[in-house]
Structures are given as structure tokens and as C-alpha cells.
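Residue numbers for the sequence shown follow the numbering used here, beginning at 768 and rising by one.
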Amino acid sequence: MINAVPHIAAMSPYALADLNPPEGQQLVSLSQNESFRPPSPFVAEAVSQAVSTGHLYPDPDWKILRERLSDVYNVSLDRVLCGNGSMELISALVQAFANEHNSVLAPAHAYPFFRSAAQLVRARYDTAPEVDQRVSVDNLIAAVQPDTRIVFVANPGNPTGTRLSRADLLRLRSELSGDILLVIDEAYGEFSDHLNERMFDVVDRGDTVVLRTFSKAYGLAGLRVGWGLFPPEIAADVRKALNPNNISVAGQAAAFAALNDQEYMRETCQITAQRRDWFSEWLRSLGLRVPTSFSNFALIQFASNKAAQEADRMLRSEGVFLRPQGGAGLDNCLRATIGSHEEMDLVVKLLEHWTTENAP
Ligand SMILES: *Cc1c(COP(=O)(O)O)cnc(C)c1O
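See the structure below:
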């Protein structure tokens, strides 16, 4: 018998979505916050051209991609690091700045991968209560311990979809001591960029990182490209924990092409937001609670854990897979990614029928 090291042996595997519909049913997957539509047509063209250089290793410095990011987001080129999805950057940050002698802090209903990343390095994982499924700056500050090294906040949050204002985040940063790294994960940032509350400038302080990804608004989840803005000293250490050839030739070409079609990305965000708001309103009219979302999904809160489970079972029996949220401490909630109009219409109809026969 060959045993894994104890902390890995004790970990549960990362809970990915269950995507096995009942026999004969077509799968409607609204469980992974993927875009409702394929990427810009420029992406397919760029990827098919990139294949001809597939015998060569990719650019380990992501130079062309970083230059484009710097232009489009008006950020300094030398502060950008790119990852095999932003998950790789989260994992590398935790490897570089936390270990078994300290701790990582996040809001109670945070993205579960923050916890997994902490477990991988044997750091303690602390959480701060949220208020009405919104991150509480006061509770986060109160939960800081002498050994807290990293605070993660996804903004907008996943699975809540709610967001903190720039003023709230600035207050959090100013109340955390300068030896605590604040990581603001803006995986859904493009869905709220119209609010003009970008956080990139805060990175200049030297103690804050802002992460973004191509997986959501740009629709490249399957090509695995994330990026972030890092203070130079932090970047130097995070880089040591990244795979040196982390993003494939196809991934880099895809992200570059997606950046070149801002109009398409913005249209994706607009259509998604409009559909999300319509969907959320409908569910509220059925007596379900749906917090205002700033992302490409909506969190649906049921009256009890049992009601959420029953609704989930009913939807699955029809082939419709939302994401149960026990992993984020919200057993009474299901998260619905905003899919096509027809898919959202189907969810509304099924829940409408279900709520007439069950307590919501
Ligand atoms: C989807 C998501 C990510 C992961 O994105 P990848 O770039 O696909 O690795 C990171 N953080 C949050 C909050 C997410 O929802």
C-alpha cells in the first residue's frame, strides 16, 4: 500500500458539477457558470491558426497576450501574470504565501476553491459570516487572526452573485494590516465594469492582487486562461509556483483574439444581464428569494434545505442541472447559470409548476 501524505489523503476531491442526466434525457447544464454562447468567431480562427505552431512550447511570458491586456484594461504590462485559468493563480498565491503555520480567511459563502487551495498547503481556513448573502467587511476584519496571511474576496461573489462597492473594498484594504495579502477575485468583473468601480489601481499599494479570467464573460472556460495584476515583488514569488509552460499555444491565441472583440464580450454581458434580471424577477414572483446578482448566474434561495433538495431532484429528473450549494454553506440554495432564453424559460416553468404544489 502506498499512502499519500496525510493532508492529501484526508482531503475530499474537489466537488465538480454532477452532469449525468437520467437515461434518455437531454442534459441542460446550468451548473458551471459557463457563457451561454460560444466565444467570438475570431477565437476559432485564431485557434486553428495556432495549431500549426503546436509542436513548439508556448510563450512562457505570455508577451503578446499581456500587451493586449495592458492596452484593453489600461494596466501596467509588467504587473500582469497569466494562469492556466485563474484557479492556477489562486493556487500559486496560496502556495507562495501560506503554510501550516498560518491561515487564509474568506467570507462564509466564498468560492470553494479558496478552501481547497488552503488545504493543499495545510494552512488553516477561516471564514467570516456574511449578512444576507453579502460579504460583510466588518465581519471579515473581526475574523482576522494574528496568523492570517491572505484574505480572499470574490467580487462579485460566487455563488452569491452579490458585490461590494469599491468604497467597501477600499475600507477593507485600509483596515487590514499591510502584511496581509488581499486577493480580489474578479472572475465576473466584466459583468460589473459598467459601474466604473475597477480595483486595478489598488495593486499599486503593494499588498493587493486583482484576478480576472477569460472563462466567464469571454466564454473561454474550456481553453483555460486567467490573469491577474500583481505587485512586482508578489509576482516574482507567485511565478515560482506556476507551471512554467502553463497556457497552451491555443489558449494564448484564443485569449488574444477574444480580447480583440470587446464588442462581442460586452454584448454577451448585456444579454446575460438582461436575461438574468428577467429570470430573477420571475422567480421572486413565485416566492423564492433571489439576491440581486452582478454575474452570469442567479442564486435561488428556498424556504429550507429540504425544499432546495426537492426542487433540485425535480429539475434533475427533467434533465436540468443547477448547482446545489452545500459546499459553500448554503444548503437551502441552488445556483442557476444564465443559459439560453429557452433554458431559462424551462427552469421558470418547472419551478412555477413545482411551487404551486410545494412550499417554495
Ligand atoms: C469561475 C471562477 C474562477 C475560476 O476561473 P478559471 O479562470 O476558469 O480557473 C475563479 N474564481 C471564481 C470566483 C469563479 O467563479
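Cβ coordinates follow ideal geometry from the N, Cα and C atoms, glycine included. The structure presented is a predicted model; accordingly, all values stated were derived computationally and were not measured.
Take the Cβ of HIS876 as the centre, count every other Cβ of all protein chains shown within 10 Å, and call the residue buried at 16 or more, exposed below.
To locate residue 876, count along the sequence shown from 1; it is residue 109. Buried, by the Cβ-count rule.
Grab the span of the beta strand (DSSP E) containing TYR892 for me, first residue to last.
For the purposes of this step, residue 892 is taken as the residue at position 125 of the sequence shown. Run containing TYR892: 891-895, per the beta strand (DSSP E) assignment.
Judging by CA-CA distance, which residue of ILE769, ALA784, ALA1003 is the nearest neighbour of GLY1094?
Start at 1 with the first residue of the sequence shown, and residue 1094 comes out as number 327. Taking only the C-alpha atoms, the option nearest GLY1094 is ALA784.
Helix, strand or coil for GLY902, going by three-state DSSP, please let me know.
Here residue 902 refers to the residue found at position 135 when the sequence shown is read from its first residue. Reading the sequence as shown, one finds Val at residue 902 and not Gly. Looking at VAL902 - three-state DSSP - the assignment turns out to be coil, as it is neither helix nor strand.
So what's PHE1061 in DSSP terms, helix, strand or just coil?
Working through the sequence shown from its first residue, we reach residue 1061 at position 294. Residue state, collapsed to three classes: coil.
Report the option in ALA863, GLU1085, SER941, ARG889 whose CA atom is closest to the CA atom of ARG1006.
By one-based count along the sequence shown, residue 1006 stands at place 239. Considering only alpha carbons, the answer is ALA863.
Can you give, in chain order, each stretch of the alpha helix (DSSP H) that sits fully within the stretch 814-880 and has at least 4 residues?
830-840, 853-864
Check whether the Cβ of PHE981 lies closer than 8 Å to any heavy atom of ligand 1, and answer yes or no.
Your numbering for residue 981 matches position 214 in the sequence shown. True, at least one ligand heavy atom lies under 8 Å from that Cβ.
By how many angstroms is the C-alpha of VAL847 removed from the C-alpha of ASP1004?
The residue labelled residue 1004 in the question sits at position 237 within the sequence shown. The residue labelled residue 847 in the question sits at position 80 within the sequence shown. One C-alpha to the other measures close to 13 Å.
DSSP state of GLY995, grouped into three classes?
Within the sequence shown, residue 995 is the residue found at index 228, counting from 1. Three-state result, GLY995: strand.
Three-state secondary structure (DSSP) of GLN1092
Sequence index remark: in the sequence shown, residue 1092 carries index 325 (1-based). The answer is strand: DSSP assigns GLN1092 an E or B state.
Which whole-angstrom value describes the C-beta separation of ALA1103 and PHE1064, a residue pair presumed to lie in contact below a C-beta threshold of 8 Å?
Here residue 1103 is taken as the residue at index 336 of the sequence shown, counted from 1. Here residue 1064 is taken as the residue at index 297 of the sequence shown, counted from 1. Going by Cβ atoms, the distance from ALA1103 to PHE1064 rounds to 6 Å, so yes, they are a contact pair.
Can you tell me the Cα-Cα spacing of ILE951 and GLN1076, whole angstroms?
Residue numbering aside, residue 951 sits at position 184 when the sequence shown is read from its first letter. Residue numbering aside, residue 1076 sits at position 309 when the sequence shown is read from its first letter. Using only the alpha carbons, I get a separation of about 32 Å.
Is LEU1106 near VAL810, with beta carbons less than 9 Å apart?
Taking the sequence shown and counting its residues from 1, the one referred to as residue 1106 is at position 339. Taking the sequence shown and counting its residues from 1, the one referred to as residue 810 is at position 43. A small correction: the amino acid at residue 1106 is Gly; Leu does not occupy that position in the sequence shown. Cβ distance not < 9 Å, so GLY1106 and VAL810 don't count as in contact.
Determine the extent of the beta strand (DSSP E) in which THR975 is found, giving its start and end residues.
In the sequence shown, residue 975 corresponds to position 208, counting from 1. Run containing THR975: 975-980, per the beta strand (DSSP E) assignment.
Taking only runs of the alpha helix (DSSP H) that begin and end inside the stretch 994-1041, which ones reach a length of at least 4 residues, in chain order?
999-1007, 1016-1026
Separation of ALA1040 from LYS1073, as counted between CA atoms
The count along the sequence shown starts at 1 and reaches residue 1073 at position 306. The count along the sequence shown starts at 1 and reaches residue 1040 at position 273. Those two C-alpha atoms are separated by around 29 Å.
Spell out whether any CB of chain D is found under 9 Å from the CB atom of ALA1017.
Note that chain D does not occur in the displayed structure, where there is just one protein chain.
For GLU855, verify whether its CB is less than 8 Å away from any heavy atom of ligand 1.
The sequence position of residue 855 within the sequence shown is 88, counting from 1. For ligand 1, at least one heavy atom lies less than 8 Å from the Cβ of GLU855.
Quick one: what does DSSP say ALA1070 is sitting in, helix, strand or coil?
Within the sequence shown, the letter at position 303 stands for residue 1070. Three-state DSSP puts ALA1070 in coil, outside helix and strand.
Tell me whether ASN757 is buried or exposed, calling it buried when 16 or more other Cβ atoms sit within 10 Å of its Cβ.
Absent from the structure is residue 757, since the part of the chain shown begins at 768 and ends at 1127.
Would you check if the stretch 917-936 and the stretch 957-972 touch, i.e. whether three or more CB-CB distances between them fall below 8 Å?
yes
Exposed or buried, what is LEU844 when buried is set at 16 or more other beta-carbons lying within 10 Å of its beta-carbon?
By 1-based counting over the sequence shown, the position of residue 844 is 77. That one is exposed.
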